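Chemist: Let me begin by handing over the structure; questions about it come next.
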Amino acid sequence: MKDSFNNSFFNFSNRKDLTAIKNSENEISYYSLFNSSKSFSEFLLSYKIGKKEYAAVFTDDQVFFVKSVIALWLIGAVPVPINTKLLDSEIEQILNDHQIKFLISDRTSFNFDHPQETELILISDFKTEPTLNNEFEIPELENEAVVIFTSGSAGKPKGVVHTFLSLINNIENGNVILKHQEKDKWLASLPFYHIGGFQIICRSLFFGCTLITSKSIQTDELAESIIKFNPTHLSFVSTQLKRMIDEKKSPGNSLRVSLIGGGYIDDELIIKAENLGWKPYRVYGSSETGSMITAISGNELMKKPFSSGKPFKDVQINISDFSELLIRSKCLFKSYLNDKKETAEKLVDGFFHSGDIGFTDDDGHLFIEARRNDLIITGGENVNPIEVERVILKINGIKEVCVFPQQNKIWGQIVACVLVTDDESINEKKIKEFLKPLIAGYKIPKKYFFTAELPKTSLDKLEREKIREIFK
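First residue of the sequence shown: 0, per numbering that gives the first Met the number 0; consecutive thereafter.
Right, here's the structure in full:
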């Protein structure tokens, strides 16, 4: 593993003529990427960033994000990517809660109410100069490599700490379907501050691939990059894939694998994508597992509807008495940043208590049913909100729905739902009539709300906690 590590992330000298990053404006070799990252690392040292110190990275500039991460690794520091869609108050809370002393950004100022000792390092202050010192110390495998903040779709975001070892184990596990070759091209199609996007960088560096960057991850920009650069690999959330298909975008003729994850993914969407040449794999994973730990192709999904695939070789998934997925693997995170209590609750005897509800069948396929915290208990009966949402979405004119619990003196909880529609004739009565022959009566929502849009995370996941608060 140590040799694999030395010859992966930091194998710049043997790859100096290969292209590391490519976009409409630039083509950067591994040699050039190393030199500019090394030069930036020396600039960072002038701010006295020490080994194992945390430094936040806040930028939408994909190229400079990659350089910042490598530069921090070269000096033994730990990058903490920050969601660029957060409010200043939310950024401030993360920095203060976790005593993060450095913030690398291309933004010249932040409106913090109670700023602590966080030093702003402006990318614009860095003047690129050829480095005179090409030596660097390769980090230990057990060193912390990144802190990824969870999306917060189930509450307050947590800082998930990964080591180089856990990231590499996830990368090597996933290669059973990705089958990387040197000179493959990865489309940077997800935000780098999410584990799915961050692992795109890591896979590219590990296998000597080219990272294809775009001006943004909007549908048109990504579609243009696909046409122009023909990536071999990409990763989407279901919303991105649906937009690509709805807008009749081409997958390109070099594409070998599309990873589709990040929440509920409709079988029909995956199968449609398969037929259109997107080579999709539905995947299951989380920030804590270092991204995907199971996968199933579109072709296989036709034989195994609703499956999330089989666990990769290094991954063991047990099902608890309460149907919670308990996960053991070398790709698991080390801890939650500055949260011993949550770490102790989630990492027990080597198993990660995922909070996801599901089961495995006799063939070893994993089926995800719901988040444990999202289950609704009404009159002693368990209701899976995702199951109800799937049925409601079959009604023409309903674009989005979130099913959630409301407290009730008689039933404990009742089933409620909030909907986004483009048909004014849709009402509570019509929905109930549609659902009555399809699901048990106790699963049919008792309360209905209509809205123009639903709160979502930056990866288009429903913010269920926020929705509960708004419509409680």
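C-beta: ideal position from N, C-alpha, C; glycine also.
These numbers come from a predicted model, not from an experiment.
#1: Check this for me: beta carbons of Arg370 and Gly396, under 8 angstroms apart or not?
#2: With a threshold of 8 angstroms between beta-carbons, can Val387 be considered close to chain D, or not?
#3: Pick out whichever of Tyr46, Gly297, Ile103, Ile99 has its Cα sitting closest to the Cα of Phe63.
#4: Whose C-beta lies closer than 7 angstroms to the C-beta of Ser12 among residues of the same chain, with five residues either side of it excluded?
#5: The beta strand (DSSP E) with Ser424 in it runs from where to where?
#6: State yes or no: is the C-beta of Ser213 within less than 8 angstroms of the C-beta of Leu221?
#7: Taking C-beta to C-beta, are Phe191 and Phe197 nearer than 8 angstroms?
#8: What three-state label does DSSP hand Glu464 in the structure shown?
#9: For the alpha helix (DSSP H) containing Arg389, name the first residue and the last one.
#10: Under DSSP, the alpha helix (DSSP H) around Gly196 begins and ends at which residues?
#11: If we call anything under 8 angstroms between Cβ atoms a contact, is Ser237 one with Asp265?
#12: Give the DSSP-derived three-state secondary structure of Phe351 in the structure shown.
#13: Thinking C-alpha only, which one of Ser334, Ile356, Gly363, Asp362 is nearest Gly473?
#14: Helix, strand or coil for Tyr263 per DSSP?
#15: Is the segment 357-369 close to the segment 328-347, with three or more CB pairs under 8 angstroms?
#16: Let's see if you can read the secondary structure: which residues bound the beta strand (DSSP E) around Trp72?
#17: For Gln115, which residues in the same chain have their Cβ closer than 8 angstroms to its Cβ, ignoring the five residues on either side in sequence?
#18: If you follow the alpha helix (DSSP H) that Phe33 is part of, which residue opens it and which one closes it?
#19: Thinking C-alpha only, which one of Phe228, Ile270, Ile259 is nearest Gly251?
#20: Mind checking Leu453: buried by the 16 CB within 10 Å criterion, or exposed?
#21: Can you give me the start and stop residues for the beta strand (DSSP E) that Leu437 sits inside?
#22: Run through the DSSP bridge pairs and tell me what Gly411 is partnered with.
#23: Answer with buried or exposed for Ile356, where buried requires no fewer than 16 other C-beta atoms within 10 angstroms of its C-beta.
#24: Using 10 angstroms around the beta-carbon of Asp112, count the other beta-carbons present and answer buried if the total reaches 16, otherwise exposed.
Modeler: The short version:
#1: no
#2: This model lacks chain D altogether, as it is built from one protein chain only.
#3: Ile103
#4: none
#5: Ser424 -> no beta strand (DSSP E), and no H or E assigned at all.
#6: yes
#7: yes
#8: helix
#9: 384-391
#10: 194-206
#11: yes
#12: strand
#13: Because the chain spans 0 through 471 in this model, residue 473 falls outside it and cannot be assessed.
#14: coil
#15: no
#16: Counting along the chain, Trp72 falls outside any beta strand (DSSP E), though it belongs to the alpha helix (DSSP H) covering 61-73.
#17: Leu94, Asn95, Gln98
#18: 29-44
#19: Phe228
#20: buried
#21: From DSSP, Leu437 is part of no beta strand (DSSP E); its letter is neither H nor E.
#22: Asn407
#23: buried
#24: exposed
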